[in-house]
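A short worksheet on the structure shown next.
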Amino acid sequence: MNITVIFNPTAGGGRDRRLRHFIRTLEQGGARVRLYHTRAPGDAIRYLRELEDQGDCVVAAGGDGTVNEVLNGLRPGVALGLFPIGTANVLAKELGLPRRPEAAAEVVLAGQSLPVTPATLNGRRFMVMCGVGYDAWVVDQVDLILKRRIGKLAYALSMIRQLARYGKVSYRVSVDGRPLDCFSAVITNGRYYGGSFVLSRQANIARAKLQVLLFQRSGVWFLLGCLVALMMGRLERRDGVASVSAEKVTVEVSRHLAGSDVRPVGEVAWPKLGPEPIQADGDPAGWLPAEILLENQAVPVRVPR
1 MNITVIFNPT
11 AGGGRDRRLR
21 HFIRTLEQGG
31 ARVRLYHTRA
41 PGDAIRYLRE
51 LEDQGDCVVA
61 AGGDGTVNEV
71 LNGLRPGVAL
81 GLFPIGTANV
91 LAKELGLPRR
101 PEAAAEVVLA
111 GQSLPVTPAT
121 LNGRRFMVMC
131 GVGYDAWVVD
141 QVDLILKRRI
151 GKLAYALSMI
161 RQLARYGKVS
171 YRVSVDGRPL
181 DCFSAVITNG
191 RYYGGSFVLS
201 RQANIARAKL
211 QVLLFQRSGV
221 WFLLGCLVAL
231 MMGRLERRDG
241 VASVSAEKVT
251 VEVSRHLAGS
261 DVRPVGEVAW
271 PKLGPEPIQA
281 DGDPAGWLPA
291 EILLENQAVP
301 VRVPR
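With my numbering, the residue at position 61 of the sequence shown is 61, and numbering never jumps.
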């Protein structure tokens with residue numbers, strides 16, 4: 001096999017020794033390996049798009065953000081491989097991929113290819129999920145320097161800091177043409193969230209369908225109850241959380257602040273809302289409005305036999 005490995009040296013604090021073991025196992029298995037170290041956000045996409053021959057497989061050595069960049073630079077027909085060394089590694093958990101370098105290399109060399117259908121968010125591909133509202137603000141405001149030092153705890157701190165934002169803005173989500181309102185939403189391709197928490201038992205990474213979770217009640221206590229339900233794997237059973245399947249989703253900011261005294265236009269001016277962020281695969285991905293579509297073609301992803 002001809003394999004291109006895209007390594008993010010900042011993912012999970014950097015894992016140079018594990019990378020060497022991974023590369024050595026690939027080469028001992030007969031693979032010809034090209035290794036590229038990314039230098040900045042977006043660098044993997046640029047490098048892959050300029051590469052005339054990407055090989056038989058491109059391996060994302062990093063976290064879900066690295067996978068996202070590789071996915072957006074991947075040519076049709078080229079397989080996607082993963083060496084999970086990031087913070088959360090949600091896609092790796094979804095696919096049952098090992099973290100040990102030798103075992104991860106064996107999956108790339110001798111595993112099978114599972115067709116997984118990505119989605120696009122305003123034209124950019126994502127594999128795992130995207131989110132708006134509280135979920136997006138947590139990702140947007142996480143301290144990246146702290147993330148490199150303490151990993152997932154940086155997200156926990158951001159979650160605490162962003163609690164007060166929840167319920168201040170409402171969103172209009174159109175699910176295959178059906179308009180629904182919520183105070184936060186996650187559009188997911190798979191079951192897991194944040195690594196090992198079960199977000200949706202209805203989602204399936206191997207199915208060409210998105211699962212949309214809508215948080216339809218305001219209030220910090222409701223949100224805290226949802227976070228507890230997430231940790232227990234019971235989020236979809238909680239009152240006020242709707243879970244629906246979709247192929248096309250659009251999201252925009254509603255024209256009022258949740259809980260404000262809204263009167264007809266002309267009696268009082270609408271409150272001015274700032275830009276609302278979106279997250280995709282655990283990284284900031286722009287601002288609302290959003291259009292999320294399933295792609296027509298699946299990507300072959302290397303998984304254990």
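Even glycine gets a Cβ: it sits at the ideal position worked out from N, Cα and C.
Computed from a prediction, not measured in an experiment: that's the story for all the values here.
### Message
Using only the alpha-carbon positions, how far apart do Gln-112 and Pro-9 sit?
### Response
27 Å
### Message
Per the DSSP calculation, Asn-239 is bridged to which residue(s)?
### Response
Here residue 239 is Asp; the residue named in the question, Asn, does not match the sequence. DSSP output for Asp-239 lists no bridge partner at all.
### Query
What three-state label does DSSP hand Asn-296 in the structure shown?
coil
### Message
Checking 8 Å against the spacing of the C-beta atoms, do Leu-80 and Val-70 come in under that value?
### Response
yes
#### Entry: 4 or more residues per run - each alpha helix (DSSP H) lying fully within the segment 182-248
The segment 182-248 contains these whole alpha helix (DSSP H) runs: 220-231.
### Query
Exposed or buried, what is Ala-110 when buried is set at 16 or more other beta-carbons lying within 10 Å of its beta-carbon?
exposed
### Task
Determine contact between the segment 214-222 and the segment 187-202, defined as no fewer than three beta-carbon pairs at a distance below 8 Å.
no
### Task
Using 10 angstroms around the beta-carbon of Val-228, count the other beta-carbons present and answer buried if the total reaches 16, otherwise exposed.
Exposed.
### Query
Is the CB-CB distance between Leu-210 and Glu-236 below 8 Å?
no
### Task
Report the rounded CA-to-CA distance for Arg-302 versus Gly-177, giving the unit in angstroms.
The C-alpha of Arg-302 lies about 34 Å from the C-alpha of Gly-177.
### Query
Which residue spans inside the segment 71-153 form an unbroken beta strand (DSSP E) run of at least 3?
79-84, 112-116, 119-121, 124-126, 129-132
### Query
How many angstroms separate the CA atom of Leu-144 from the CA atom of Gln-162?
16 Å
### Message
Just to confirm my understanding: we take Leu-95, look at its own chain, exclude 5 residues before and 5 after, and list those with CB closer than 6 Å. What are they?
### Response
Val-303
### Local conformation of Ala-156 per DSSP, three classes
Residue state, collapsed to three classes: helix.
### Task
Would you tell me roughly how many angstroms separate the C-alpha atoms of Gly-133 and Trp-287, rounded to the nearest one?
For the pair Gly-133 and Trp-287, the Cα-to-Cα distance works out to about 11 Å.
### Query
Which one of Pro-98, Cys-57, Arg-49, Ala-40 has the shortest CA to CA distance from Arg-34?
That would be Cys-57, whose Cα lies nearest to the Cα of Arg-34.
### Query
Taking just the CA atoms, how far does Pro-284 sit from Arg-207?
25 Å
### Message
Can you find the residues in the same chain that come closer than 8 Å, C-beta to C-beta, to Thr-250, ignoring five residues on each side of it along the sequence?
### Response
Taking Thr-250 as the centre and dropping the five residues before and after it, the same chain places the C-beta of Val-173, Ser-174, Pro-289, Ala-290, Glu-291, Ile-292 closer than 8 Å to its C-beta, in chain order.
### Query
Secondary structure at Tyr-36, three-state DSSP: helix, strand or coil?
strand
### Query
Applying the criterion that 16 or more other CB atoms from any shown protein chain within 10 Å of the CB defines a buried residue, is Ser-243 buried or exposed?
buried
### Message
Give me the DSSP bridge partner(s) of Pro-284.
### Response
Gln-279
### Task
Per DSSP, which residues does Gly-62 bridge with? Please list them.
Pro-84
### Message
Rounded to the nearest angstrom, what separates Gln-279 and Asp-140 at their Cα positions?
### Response
7 Å
### Query
Quick one, which of Val-138, Leu-121, Trp-137 has its alpha-carbon nearest Cys-130's?
Leu-121
### Query
Just the Cα atoms here: how many angstroms apart are Arg-165 and Glu-27?
Distance between the alpha carbons of Arg-165 and Glu-27: 50 Å.
### Task
Apply the 10 Å Cβ neighbour rule to Asn-68 and answer buried if 16 or more other Cβ atoms are within range, or exposed otherwise.
Here Asn-68 is buried. Its C-beta has 16 or more other C-beta atoms within 10 Å.
### Task
Could you check the C-alpha separation between Pro-179 and Ser-200 for me, to the nearest Å?
21 Å
### Task
Give a yes or no on whether the minimum CB-CB distance between Gln-162 and chain B is below 8 Å.
Within the model displayed, chain B is absent; a lone protein chain is all it includes.
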